[in-house]
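First up is the structure itself, then whatever we jot down about it.
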Amino acid sequence: MSDSWPRRRLLAILRGATEPLDAQELARITGQHVTTVRFHLDVLTRESLVRQFQQPPRGRGRPRIGYRAVQRSVGYQELAQVLADHLGPDPITRSAAAVEAGRAWGARMDIGAQPVESLADARDITMSLMSELGFAPEKDPVGETTEHVGITLTACPLRELARSHSEVVCGVHLGLMREVLERNGARGRVGVQLHPFTEPELCTARLELTYGEEVAAQPAGAAQPAGEERMIAPSGPRVPPQLRDTDADVFEQPAQQR
């Protein structure tokens, strides 16, 4: 496009327009002669910055030629690389930063009130969330127990990015799931892990019952602190205390690095 202010202005006008504009309309907007406008439009068309469309004539005469700016696709691969470069010097640091970004995203979402009172509730909320985001989640019955459940994510919208920047992409999604569950009362009760590419085109989220330190430290039969309520597995037995997952433990890598 060279360093042409008239062409840059025409391109900016076309990008902001809701429908194609012809040379006469652009001439009226810019105050340039219509012949000059056509010259600049021809240059922009040759450079694939605008596209021509045939429009019906105004009254009698030949059809008009309208112009619309070509919408460039966002370079998501480059964007992911920029994010990776700025989130930290190593994968672990980038993972933790990505989880925090996912949590911030989850904190902004309007999720409604869906109290987590069981592991099944946590799975339903997670499946609903990921379905709305286009992940096409399915229940994963393999290895399912009263303490662990799995969700297969069959259609990650950012799958190709995740292959090369899993610590960023998967970290954000993990933080999002954790934040949404915790907002519904699962903090210290349900742990979430994300396993990228358990199969070439699939990822798996694992949910498990856990206890926060304060709850786990209570002896059997002791009174519960105010506001604390143990989560019980569907079959009834108490779940043995275990360490709660932390944001530093973002997700488990697949067996082979991509």
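Numbering (the working numbering), first residue to last: 1195 to 1452.
Virtual Cβ for every residue (Gly too), placed ideally from N, Cα, C.
These figures come from a predicted structure and were not determined experimentally.
Give me the residue from the options with the minimum Cα distance to residue i.
i     : options                       : result
E1311 : E1213, A1274, L1403 and R1202 : L1403
M1321 : L1277, R1400, P1214 and V1264 : R1400
L1388 : H1367, A1263 and F1247        : H1367
S1358 : L1277, A1221 and R1232        : L1277
V1231 : E1376, T1239 and L1220        : L1220
G1385 : R1240, P1251 and H1342        : H1342
C1350 : P1285, M1324, G1382 and Q1218 : M1324
R1252 : Q1218, E1376 and D1279        : Q1218
P1458 : R1377, S1198, R1240 and G1210 : There is no way to answer for residue 1458, as the model of the chain reaches only from 1195 to 1452.
Q1265 : R1372, P1285 and S1242        : S1242
My assumption, with CB atoms under 8 Å, is that residue i sits in contact with residue j. Please give the rounded CB distance.
i     : j     : result
V1293 : G1344 : That pair is no contact at about 20 Å.
V1374 : G1328 : V1374 to G1328, Cβ: 16 Å. No contact.
L1468 : V1244 : Residue 1468 is absent from the structure shown; the chain starts at 1195 and stops at 1452.
A1356 : P1390 : 6 Å
In or out: residue i buried (at least 16 other Cβ within 10 Å) or exposed?
i     : result
W1297 : One point to set straight first is that residue 1297 is Arg, not Trp, in the sequence displayed. Looking at its Cβ environment, which holds 16 or more other Cβ atoms inside 10 Å, R1297 is buried.
S1289 : buried
D1216 : buried
I1319 : buried
A1414 : Note on A1414: pLDDT 34, under 50, position unreliable in the model; the coordinate value appears next. A1414 comes out exposed.
S1360 : buried
A1263 : buried
A1206 : exposed
A1316 : buried
T1212 : exposed
G1365 : buried
A1307 : exposed
T1287 : exposed
R1240 : exposed
S1198 : exposed
Which residue comes first and which comes last in the beta strand (DSSP E) that contains residue i?
i     : result
G1210 : Unbroken run through G1210 is the alpha helix (DSSP H), W1199 to G1210; no beta strand (DSSP E).
V1343 : H1342 to L1347
E1393 : V1384 to E1393
L1403 : L1396 to L1403
State yes or no: is the C-beta of residue i within less than 8 Å of the C-beta of residue j?
i     : j     : result
L1352 : V1363 : yes
H1234 : P1200 : yes
L1396 : L1347 : yes
A1291 : L1281 : yes
R1258 : Q1246 : no
P1331 : G1260 : no
D1304 : T1398 : no
L1204 : T1224 : yes
What are the boundary residues of the alpha helix (DSSP H) that includes residue i?
i     : result
I1259 : Here I1259 belongs to no alpha helix (DSSP H); instead the beta strand (DSSP E) covers R1258 to A1263.
F1329 : Per DSSP, F1329 belongs to no alpha helix (DSSP H) and is neither H nor E.
A1217 : A1217 to T1224
R1377 : S1360 to R1377
E1294 : P1285 to R1302
V1310 : No alpha helix (DSSP H) contains V1310, which DSSP labels as neither H nor E.
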